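*Asks:* Residue numbers (our numbering): 755 to 918.
One structure, pasted below without further comment.
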Ligand code: SF4
Ligand code: SF4
């Protein structure tokens with residue numbers, strides 16, 4: 755199995771497969787199979803064993819993760835600066851009033867490593883949200899991530915086969 759790593763190819767595939775993926779997300783969201791979490795979590799483990807995030811880094815370039823006050827505090831401690839300094843230097847408010855990084859993330863290294871890995875925001879720690887409980891509640895969010903993350907795209911492809 756080859757995961758689509760090329761960003762343009764992945765975006766194109768995500769567009770082509772949108773209807774099928776949206777339909778399965780709606781169906782499973784309404785009537786989640788009992789094994790849904792276990793199945794998706796198993797695929798998550800398997801696929802992230804094969805995908806090297808350091809060769810990708812697309813989420814850190816494309817998606818502005820929401821940064822909560824406790825994330826700001828953690829970053830402030832990491833850099834030994836004030837929370838105010840963190841906000842003014844690296845964050846801005848989006849149209850919903852949430853604090854977010856400007857993209858690409860200021861802490862993304864040239865080799866796709868995260869400069870603040872141990873202090874990264876919770877949204878970064880949990881991305882792409884395919885190993886959390888009650889997956890059926892997150893399929894709508896996951897649907898939006900298919901065009902960015904090849905693992906999420908592959909999980910949706912598998913869902914359409916496993917739960918036709
Ligand atoms: S803080 Fe780290 S993990 Fe989060 S977007 Fe920036 S580089 Fe990526
Ligand atoms: S988009 Fe997915 S595969 Fe790429 S770096 Fe982010 S989590 Fe890893």
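Beta carbons: idealized from backbone N, C-alpha and C, even for Gly.
Quantities reported herein were computed from a predicted structural model and do not represent experimental measurements.
Measure the Cβ-Cβ separation of residue 825 and residue 776 and say whether it is below 9 angstroms.
*Replies:* Against a cut-off of 9 angstroms, the Cβ pair of residue 776 and residue 825 comes out as no contact.
*Asks:* Grouping DSSP H, G and I as helix and E and B as strand, with all else coil, what is residue 874?
*Replies:* Residue 874 falls in the coil class under three-state DSSP.
*Asks:* Could you give the distance in angstroms between the alpha-carbon of residue 845 and the alpha-carbon of residue 806?
*Replies:* Their backbone Cα atoms lie some 27 angstroms apart in a straight line.
*Asks:* Label residue 759 either buried or exposed according to how many other C-beta atoms from any shown protein chain fall within 10 Å of its C-beta, with 16 as the threshold for buried.
*Replies:* The residue is exposed, with fewer than 16 neighbouring Cβ atoms inside 10 Å.
*Asks:* In terms of DSSP beta bridges, what is residue 854 paired with?
*Replies:* 820, 846, per the DSSP bridge assignment.
*Asks:* Are residue 832 and residue 873 closer than 9 angstroms when you measure CB to CB?
*Replies:* Cβ distance < 9 angstroms, so residue 832 and residue 873 count as in contact.
*Asks:* Whole angstroms are fine: how far does the CA of residue 814 sit from the CA of residue 829?
*Replies:* So the two alpha carbons sit approximately 16 angstroms from each other.
*Asks:* Can you tell me where the alpha helix (DSSP H) holding residue 773 begins and where it ends?
*Replies:* Residue 773 -> alpha helix (DSSP H) spans 772–784.
*Asks:* For ligand 1, which residues count as neighbours when the test is a C-beta closer than 5 angstroms to any heavy atom?
*Replies:* Any residue whose Cβ sits closer than 5 angstroms to a heavy atom of ligand 1 makes the list: 814, 859, 861, 862, 868, 874, 878.
*Asks:* Which whole-angstrom value is the C-beta distance of residue 883 and residue 783, which I expect to be below 8 angstroms?
*Replies:* Contact doesn't hold; Cβ gap of about 14 angstroms is too wide.
*Asks:* As a quick exercise: from 799, 788, 779, pick the residue whose alpha carbon is nearest that of residue 905.
*Replies:* The residue with the shortest Cα to Cα distance from residue 905 is 799.
*Asks:* Under a CB-based cut-off of 9 angstroms, is residue 875 close to chain D?
*Replies:* Among the protein chains of the structure shown there is no chain D, as only one such chain exists.
*Asks:* Give the residues whose C-beta lies closer than 6 angstroms to at least one heavy atom of ligand 2, in chain order.
*Replies:* Answer in sequence order: 805, 807, 810, 811, 812, 813, 881, 882, 902, 903, 904, 905.
*Asks:* Give the range of the alpha helix (DSSP H) segment to which residue 911 is assigned.
*Replies:* First-last of the alpha helix (DSSP H) with residue 911: 904–916.
*Asks:* What residue from 852, 849, 860 has the CA that sits closest to residue 843's CA?
*Replies:* Residue 843 has its Cα closest to that of 860, out of 852, 849, 860.
*Asks:* Should residue 792 be counted as a contact of ligand 4 given a C-beta to heavy atom distance under 8 angstroms?
*Replies:* With respect to small molecules bound, the structure shown includes ligand 1 and ligand 2 and not ligand 4.
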